[in-house]
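Just below is one structure, and these are the notes that go with it.
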Amino acid sequence: MSVQPASITWFASHEFSLFWRDFWGMMTAGRRRRGVVLAIVLVIAALLLHLLAHALVAPWLAQGVVTDKATFVLLTGGGLLFWSVMLSQALESVTRAYYARADLDLILSSPASARRLFAVRTLAIALSTMALAALLAAPLIDMLAIDGGPRWLAAYGVLAGFSALATAVGVFITLALFKLVGPKRTRLIAQIVAAIIGAGFIIGIQAVAILSYGTMNRFAVLQSSSVVAAAPDLSSPAWLPARAAMGNVPDLVLILLFGLGALAIAVVVSARSFSHYAIAAAGVGQARVRHRAARNFRPASPGQALRRKEWALLRRDPWLVSQTLMQVLYLLPPALLLWINFGRSAGAATVVVPVVVMAAGQLAGGLAWLALSGEDAHDLVVTAPVAAGKVLRAKIEAIAAVIALIVAPLLLLIGFLSPVAAGIAALGIFASTASATAIQMWFRAQARRSMFRRRQVSSRAATLSEAFASIMWAGTAAILTTGPAILAMFPAILALLVLLLAWSIRPRTSTAG
Amino acid sequence: MPTPVPALDIHNLSKSFDRPAVDGLDLTVRAGEFYGLLGPNGAGKTTLLRMVAGLLQPDSGSISIFGIDTARDAIAAKRVVAWVSDEPMVYDRLTPLEYLQFVAGLWEVPAGEAEATARELLDWLGLMPHADERCGGFSKGMLQKVALAGALVHNPRLIILDEPLTGLDAGAARQVKNVLLEKVREGVTVIMTTHILEVAERMAERIGVIAKGRLIAEGTLDELRGRTRHDQGSLEDIFLDLVAEHSAAA
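Quick mapping for you: the protein sequence lines, in order, are chains A and B. The numbering used here numbers the first residue of the first sequence as -2 and each following residue consecutively. The numbering used here numbers the first residue of the second sequence as 26 and each following residue consecutively.
Structural data, given as structure tokens:
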């Protein structure tokens, strides 16, 4: 049966076919055999995650799940964690629907209805938001259903309702930003808000846990008697999602109606103004930024010129600065823990050192990608009379300086608590930074800086090895701080093995430079 | 009298990807001349010029720039070469002056000298009013002019341009052409590829035609006319004839 061109179904099938080709291409890189390998890896990973989830939920279910405030607080708190991730993802995707120009110019210049396209894209965002949340929550929900009864499958319905709600809220926030700050700033502010929402809840709950209980266990605060006592009564509508997730059908229907209703209103309201704002967003690239008159040229060696350029580009990209600061934001809870333990005990260093080591590795990975792969004037730098090694060294120095600037105050704080722990942290930071930079160097592929968001998609091997290496170095530092040094050898050896593996599978190119 | 050193001397140069892109090519460009390099799409022009600029490694053959073997001393060769492609290589978040300062740093041009040249170039190209604006909001023509200024700020002896006029309006194209002709008058060598044959016809002293990775014809416009049946024909007639003849022979 043929579909009426430019209808909602036609747009939906077009979007789905684009999504599927992108997804399949990304997963298999065009090789069918990779699809089989990937399927096997996914099945094994899913089994492992389900086993882990079983270990988490089985003891809780064994105690007997009572419909009381403590259970509701735990479920609602956990649900809020998921919803913050959903909202963050939805907000970012909605903004992208307005600003990504891939096929928008073609569709907006055609006689097809932009309203229908936006309606389809908004629904697609809701579906992908739900898919992400389901991916994260599936092991827990499945094991709750297996160990505690099928009523827990209702949690999937709650996820669907809340993903629709997250998308609707994302649409309304974007529209409000367009009205309040204009198309020039909407994207940046929405991205920052999305990042803060994504991380804010976790960071906030950690900070509360630290202040109240002196631990970084984010669930400790949800189980505390003072929080449970302060929570609303059992009859409160605040517990509607928790009751629905536990299999209460009327509450589940209410949640679905509320979420889907909000999404329908958002689609109707926003579809009317979509072309207007999408066209306004297209004009943003034309805006010019003027700086104060340049100072006289400063003498510079090629290395200095490269370093200054990297720092200027980083400083002038507010989105990149926000992404970098997000890593720093994650360091706030450990910093808080250090602060409240200041002068009292060296125990806090045990918690803080691995977090700092891990964050430094992640930060280095992002910065190294920008400096090594995200070189907008690649041809210019390669045709310059500077040895490739010198270029590389200058760029690595630029990255190292930024990381040093960020971690130095934390190292100083740790040093006041325990000089030994500070030394271990410094070594760990060096190892994780060097590993992440080396991996980015081996996997570098020329790209525009604006592709930063997609860097993790472009090389999954680099992303995974970078994360594993950082985790292993963080583990090494943690064991060195607390336990017998000999045990630290194991994660350190694993980190080196990850590096060896990454090096052995690095792509080989014939391009100069 | 000793023979002057050619600006570019290429012997038996080859580069293959899935198939040969440049196939045993020989080419000599004299110092101080404006050389036009023509060829149909996929003929190997860009691959050839990227090897000369040091952006690709040849599979075999040699490239010599003003007597410097690029395989032996790539850095020395790069010192005298500038590369301009059809996609301007400019940073969105730097101003034209900052960009030129960066390029001058890479080529180690003394700061005072670089600043004077940079301001002169921006003035010459009509970019001085935008010298302190970020390049991010510039049109394609303005970006191409910034890239050209970057290529000239270190006073190269050989400028290689790959389709530099693509996407430029008449005014910007005229400015770029004038700058290039002025540089040739000053003794700089220019090698340029273009699909706008009128430009090559009017500007180039000698023209080389590449097809399937080989140089199939070379000479002044009159010399090329002599090789075809178009005694008074335009470069377009001659070019199409030469390419068709080569395809038929192959």
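Every residue gets a Cβ at the ideal spot worked out from N, C-alpha and C, and that includes glycine. This one's a predicted model, so the numbers in the text were calculated from it and none came from an experiment.
Interface partners of residue i on chain B, CB under 9 angstroms
| i | result |
| --- | --- |
| A:Ser298 | Gly130 and Glu133 |
| A:Arg441 | Going along chain B, no residue has its Cβ under 9 angstroms from A:Arg441, so there is no contact; the nearest lies around 15 angstroms. |
| A:Pro315 | Chain B residues near A:Pro315: none, gap ~10 angstroms exceeds 9 angstroms. |
| A:Gln301 | Gly130 |
Under 8 angstroms between C-beta atoms of residue i and residue j
| i | j | result |
| --- | --- | --- |
| A:Arg112 | A:Ala94 | no |
| B:Asp157 | B:Leu122 | yes |
| A:Val379 | A:Ile252 | no |
| B:Gly69 | B:Ile232 | no |
| B:Ala107 | B:Pro45 | no |
| B:Cys160 | B:Asp117 | yes |
| A:Trp439 | A:Trp366 | no |
| A:Ala422 | A:Val350 | yes |
| B:Leu267 | B:Ala229 | no |
| A:Ala361 | A:Thr460 | no |
| B:Val134 | B:Val178 | yes |
| B:Phe59 | B:Val201 | no |
| A:Ala466 | A:Ile490 | no |
| B:Val234 | B:Gly64 | yes |
| A:Leu317 | A:Leu311 | yes |
| B:Thr219 | B:Leu74 | no |
| A:Val0 | A:Ser14 | no |
| A:Val417 | A:Ser462 | no |
Chain-order list of residues whose beta-carbon lies under 6 angstroms from that of residue i (same chain, five-residue window excluded)
| i | result |
| --- | --- |
| A:Ala116 | Val264 and Ala268 |
| A:Thr183 | Leu174 and Phe175 |
| A:Thr92 | Thr171, Arg184 and Ala187 |
| A:Val383 | Pro299 |
| A:Ala428 | Trp470 |
| A:Ser90 | Ile122 |
| A:Ser507 | With a pLDDT of 43 at A:Ser507, under the threshold of 50, the modelled position of that residue is not reliable, and the figure given next carries that caveat. Within the same chain, A:Ser507 has no close Cβ partners at all. |
| B:Val128 | Gly175 and Val178 |
| A:Phe69 | Trp236 and Ala239 |
| A:Thr473 | Ala485, Pro488 and Ala489 |
| B:Trp132 | His179 |
Contact list for residue i against chain B, beta-carbon separation under 7 angstroms
| i | result |
| --- | --- |
| A:Gln188 | Here the premise fails: no neighbours, minimum Cβ distance about 17 angstroms. |
| A:Ala374 | Met114, Val115 and Tyr116 |
Under 9 angstroms from the C-beta of residue i: neighbouring residues of chain A
| i | result |
| --- | --- |
| B:Ala136 | Asn293, Phe294, Arg295, Pro296 and Ala297 |
Same chain, Cβ closer than 7 angstroms to residue i, neighbours up to 5 away in sequence not counted
| i | result |
| --- | --- |
| B:Ile263 | Leu249, Arg250, Thr253 and His255 |
| A:Arg412 | In the sequence as presented, Arg is not what sits at residue 412 of chain A; that position holds Gly. Closer than 7 angstroms at the Cβ level, and outside the excluded window around A:Gly412, lie Ala419. |
| A:Ala509 | Note that A:Ala509 scores 38 on pLDDT, short of 50, meaning its location in the model is unreliable and no value can be drawn from it. |
| A:Ala142 | Trp149 and Leu150 |
| A:Ile396 | Ala361, Leu364, Ala365, Ala368 and Thr434 |
Neighbour list for residue i in chain A, Cβ cutoff strictly below 7 angstroms
| i | result |
| --- | --- |
| B:Leu103 | Looking at the sequence itself, residue 103 of chain B is Lys, so the reference to Leu does not match. Those within 7 angstroms of B:Lys103 in chain A are Thr380, Ala381 and Pro382. |
| B:Gly192 | Those within 7 angstroms of B:Gly192 in chain A number zero; the least Cβ separation is about 16 angstroms. |
| B:Ile100 | Pro382 and Ala384 |
| B:Phe127 | Ala302 and Lys306 |
Within chain B, partners of residue i - CB distance below 8 angstroms
| i | result |
| --- | --- |
| A:Ala309 | Arg118, Leu119 and Glu123 |
8 angstroms CB neighbourhood of residue i in its chain, flanking five on each side removed
| i | result |
| --- | --- |
| A:Leu72 | Pro238, Ala239, Ala242 and Met243 |
| B:Met76 | Leu38, Lys40, Val47, Gln82, Pro83 and Ile88 |
| A:Thr479 | Thr347 |
Neighbour flag for residue i against chain D, beta carbons, 8 angstroms
| i | result |
| --- | --- |
| B:Met114 | Included in the structure are the protein chains A and B, with no chain D among them. |
Partner residues on chain A for residue i, Cβ-Cβ distance less than 8 angstroms
| i | result |
| --- | --- |
| B:Gln169 | What B:Gln169 touches in chain A: nothing, since even the nearest Cβ is about 13 angstroms away. |
| B:Glu140 | Asn293 and Phe294 |
| B:Gly92 | Simply none; closest approach about 16 angstroms. |
| B:Gly280 | Because chain B spans 26 through 275 in this model, residue 280 of chain B falls outside it and cannot be assessed. |
Within the region 106 to 180 of chain B, note down every full beta strand (DSSP E) run reaching 3 residues or more, in order along the chain.
Those beta strand (DSSP E) runs which fall completely within the region 106 to 180 of chain B and span 3+ residues are 106 to 109.
Check whether the region 151 to 164 of chain A and the region 84 to 92 of chain A touch, using three or more Cβ-Cβ pairs below 8 angstroms as the test.
yes
So, does the region 148 to 162 of chain B touch the region 109 to 127 of chain B, judging by three or more C-beta pairs under 8 angstroms?
yes
Report yes or no: do the region 221 to 228 of chain B and the region 177 to 186 of chain B share at least 3 C-beta pairs separated by less than 8 angstroms?
no
Should the region 167 to 179 of chain B be regarded as contacting the region 138 to 148 of chain B, the criterion being three or more beta carbon pairs within less than 8 angstroms?
yes
Which ranges would you report for the alpha helix (DSSP H) in the region 21 to 68 of chain A if only whole runs of at least 4 residues count?
29 to 59
Complete runs of the alpha helix (DSSP H) confined to the region 149 to 207 of chain A [at least 4 residues]
151 to 178
Counting beta carbon pairs with one atom in the region 72 to 84 of chain B and one in the region 41 to 57 of chain B, are three or more of them shorter than 8 angstroms?
yes
Inter-stretch contact at 8 angstroms, needing at least 3 Cβ pairs: the region 221 to 238 of chain A / the region 127 to 136 of chain A
The region 221 to 238 of chain A is not in contact with the region 127 to 136 of chain A.
Considering only residues of the region 441 to 487 of chain A, which uninterrupted alpha helix (DSSP H) runs meet the minimum length of 4 residues and lie entirely inside it, listed in chain order?
452 to 455 and 457 to 479
Would you call the region 190 to 198 of chain B and the region 35 to 44 of chain B touching, i.e. three or more CB-CB distances under 8 angstroms?
no
Suppose only complete runs of 4+ residues qualify. What are the alpha helix (DSSP H) ranges in the region 214 to 272 of chain A, listed by chain order?
222 to 227 and 237 to 242
Report the residue ranges of all alpha helix (DSSP H) runs contained in full by the region 44 to 106 of chain B; include only those spanning at least 4 residues, in chain order.
70 to 78 and 99 to 104
To test your reading of the DSSP string, which unbroken alpha helix (DSSP H) runs of 4 or more residues are found completely within the region 370 to 440 of chain A?
375 to 380, 385 to 414 and 416 to 439
Ordered list of beta strand (DSSP E) runs contained in the region 198 to 245 of chain B, each at least 3 residues
214 to 218, 231 to 236 and 239 to 244
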